[in-house]
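Numbering (my numbering), first residue to last: 581 to 764.
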Amino acid sequence: MFLQEKPTLVLLAIWFYGRTYASVITKEINSTFAHTTKVLSRMEEDGLVQFSFEGRIKYVELTEKGTNVVSILKDLIISLDGELPDEYDVEGRHDVSGSELDTASAEIFDIVKKLRFKIESIYKELIDSGADAATIKRKLGPFSRDMAMIGEMINSSETPVDTEVIRAYDTTRDVFSSLLNKNG
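What follows is the structure, encoded as structure tokens:
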């Protein structure tokens, strides 16, 4: 399975994002959702990934075994190709800390992290309370202004914004859109 490109990319994407969604992985590896979920199911059977639910949100993340396999895969890729693809070349990239970023990027990153937490928390509360699709849209809809504001901050920054911050923003935007439209 790991000599095929897509399963390897699936593991690397999960490693990169930490805890994520199948739809994010699908987009990241340029695959179909059906193929991605089939690969993820096989990986779950092999004990490489685990799924967890928060309300109706289904997350996927690496198990300890999966993390070990990713480490071995990265070594294999480096041995064969000389280096990892650019998007996967830094250890622990999904754990970007503000101290590694310039001031503008760190500020935007902090705003993105807080916004994603707020969106996911509100969504979970709404789902747990049995809210209907219209209520969810009404409660989450105003965050589209926040998403637009962050996009403008990135576009108008005097210094280039770190690619990890842009990736975190894009993922947050995708999650927001997914949650906003999930029940409607």
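Ideal Cβ positions, reconstructed from N, Cα and C, are used throughout, including at glycine.
Residue environment, residue i, which counts as buried when at least 16 other CB atoms sit within 10 Å
| i | result |
| --- | --- |
| residue 587 | buried |
| residue 625 | exposed |
| residue 676 | For residue 676, the predicted structure reports a pLDDT of 44, less than 50, and the residue's modelled location is therefore unreliable. The matter cannot be settled from this model. |
| residue 688 | buried |
| residue 595 | buried |
| residue 652 | exposed |
| residue 608 | buried |
| residue 606 | buried |
| residue 593 | buried |
| residue 743 | exposed |
| residue 751 | buried |
| residue 713 | exposed |
| residue 611 | buried |
Presumed contact (8 Å Cβ cut-off) between residue i and residue j, rounded CB distance
| i | j | result |
| --- | --- | --- |
| residue 824 | residue 591 | As shown, the chain starts at 581 and ends at 764. That puts residue 824 outside it, with no answer to give. |
| residue 746 | residue 734 | 6 Å |
| residue 655 | residue 739 | At roughly 35 Å, the Cβ-Cβ gap does not stay under 8 Å, so residue 655 and residue 739 are not in contact. |
Beta carbon of residue i nearer than 8 Å to that of residue j
| i | j | result |
| --- | --- | --- |
| residue 702 | residue 756 | no |
| residue 636 | residue 707 | yes |
| residue 604 | residue 754 | yes |
| residue 721 | residue 759 | no |
| residue 643 | residue 629 | yes |
| residue 659 | residue 741 | no |
| residue 749 | residue 692 | yes |
| residue 638 | residue 627 | no |
| residue 634 | residue 704 | yes |
Segment limits, beta strand (DSSP E) that includes residue i
| i | result |
| --- | --- |
| residue 620 | From DSSP, residue 620 is part of no beta strand (DSSP E) but of the alpha helix (DSSP H) over 613-625. |
| residue 642 | 637-642 |
| residue 630 | 629-634 |
Residue span of the alpha helix (DSSP H) that contains residue i, given as start and end
| i | result |
| --- | --- |
| residue 601 | Unbroken run through residue 601: none, as it is neither H nor E. |
List in chain order: all unbroken alpha helix (DSSP H) runs of 4+ residues lying wholly within the stretch 705-753.
Within the stretch 705-753, complete alpha helix (DSSP H) segments of at least 4 residues are found at 713-720, 723-736, given in chain order.
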